[in-house]
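S.K.:
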Amino acid sequence: MGFLTHTFNGLVGGSFYALLALGLSVIFGMLRVVNFAHGAFYMLGAFGAYVLLAEAGISFWWALLAVPLVLGLLGILLERGLIRRLSTLDPLYNFLLTFGLTLMLQDVVKSRYGSQSNPYGAPAGLRGTVDFGLFDFPAYRVFVFGVAVLLCVAVWWLLTRTRVGTVVRAATERPELTRALGIDVGRWIAPVFGFGVALAALAGVLAAPMRAVNPLMGADLIIGVFAVVVIGGLGSVFGSVAAGFAIGLLQAWSEAYGPALLAQTLIFLVMALVLLFRPAGLFGREELPT
1 MGFLTHTFNG LVGGSFYALL ALGLSVIFGM LRVVNFAHGA FYMLGAFGAY VLLAEAGISF
61 WWALLAVPLV LGLLGILLER GLIRRLSTLD PLYNFLLTFG LTLMLQDVVK SRYGSQSNPY
121 GAPAGLRGTV DFGLFDFPAY RVFVFGVAVL LCVAVWWLLT RTRVGTVVRA ATERPELTRA
181 LGIDVGRWIA PVFGFGVALA ALAGVLAAPM RAVNPLMGAD LIIGVFAVVV IGGLGSVFGS
241 VAAGFAIGLL QAWSEAYGPA LLAQTLIFLV MALVLLFRPA GLFGREELPT
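Per this note's numbering, residue 1 is the first one in the sequence shown, and the count goes up by one each step.
1) Tell me whether the segment 79-91 and the segment 103-117 touch, counting them as touching only if at least three CB pairs, one residue from each stretch, are closer than 8 angstroms.
2) Could you tell me which residues DSSP puts in a beta bridge with Phe137?
3) Using the DSSP secondary-structure output, state which residues sit across from Val213 in a beta bridge.
4) Roughly how many angstroms separate the alpha carbons of Ala201 and Gly218, rounded to a whole number?
5) Give a yes or no on contact between the segment 222-232 and the segment 256-275, applying the rule of three or more CB pairs nearer than 8 angstroms.
6) Which complete alpha helix (DSSP H) runs does the segment 76-121 hold, if anything under 4 residues is left out?
7) Short check: CB of Val229 to CB of Ser25, under 8 angstroms?
8) Counting beta carbon pairs with one atom in the segment 232-246 and one in the segment 164-180, are three or more of them shorter than 8 angstroms?
9) When the Cα atoms are used, what is the spatial distance from Phe132 to Pro209?
10) Under a Cβ-count criterion, where at least 16 other Cβ atoms within 10 Å of its own Cβ denotes burial, should Trp188 be classed as buried or exposed?
11) Mind checking Glu55: buried by the 16 CB within 10 Å criterion, or exposed?
12) Contact check, Ala49 vs Ala63 under 8 angstroms by CB: the rounded distance?
13) Below 8 angstroms on the Cβ atoms is my contact criterion, and I expect Trp61 with Pro138 to pass it. Report the Cβ-Cβ distance as a whole number of Å.
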């Protein structure tokens with residue numbers, strides 16, 4: 001029973017890794033931009049839900065729809081207004097830009113709401129437990145896992161079963177070859193960046209009832225998400241999702257059955273081993289020599 005409980009906890013934790021890594025992987029694959037601000041958008045998603053409820057009385061369900069949409073549009077504007085202007089320069093410039101944007105967003109939120117954690121309760125219909133026979137599990141966590149799985153499946157279907165998805169997937173995994181075939185990759189860049197930001201914001205809204213809503217919640221998570229993307233393979237959508245759920249499981253099991261130090265460093269140990277034996281990641285493709 002305890003093992004099953006820890007396993008489900010791991011899948012729920014992996015849900016956040018999967019959603020964040022999915023958006024980050026798509027952005028990196030198409031733009032070749034390491035979006036360090038991804039964690040800040042996750043934080044803004046959680047704060048967006050908190051502010052809507054505390055100051056406007058807007059429920060979790062409306063926030064789940066509105067916050068990702070608004071921040072996704074903000075991501076499109078950010079790409080068109082700032083990131084695109086640096087696209088011809090060394091990728092380090094956009095990394096520094098998104099890193100600076102992260103610090104700025106954190107300080108703006110701190111100045112308005114302070115650095116303390118803010119409570120955000122689960123929606124009324126999801127405050128009980130679900131009986132799985134062998135154990136009971138909080139209904140909200142079951143909901144989070146279900147939403148994450150549905151979103152990952154929906155994105156998989158979009159990328160593999162539609163023409164738009166085929167173009168986006170090709171531009172994500174082989175942007176140079178896609179351009180060589182005459183496809184205008186540039187028209188898809190801003191929407192894809194906005195989509196990745198929206199996924200991060202949605203993960204933040206989902207996290208609000210489970211985790212402390214504070215300005216540093218994204219900074220505490222983003223390094224682990226980068227590790228997940230590296231493990232899965234840079235630019236590999238499937239690899240990011242698979243690695244996210246796998247790391248969530250490994251962390252939950254190590255916290256339950258291993259020493260505390262192992263649980264804190266496990267993700268980086270796995271990343272080091274993957275880079276040592278398969279530098280492109282578990283599901284990434286080796287770059288062909290030119």
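Built from N, CA and C at the ideal position, the CB exists for glycine as well.
M.R.: Well, looking at it:
1) no
2) Val130
3) Asn118
4) 11 angstroms
5) yes
6) 91-113
7) yes
8) yes
9) 22 angstroms
10) buried
11) exposed
12) 4 angstroms
13) No, Trp61 and Pro138 are not in contact; Cβ-Cβ is about 18 angstroms, not under 8 angstroms.
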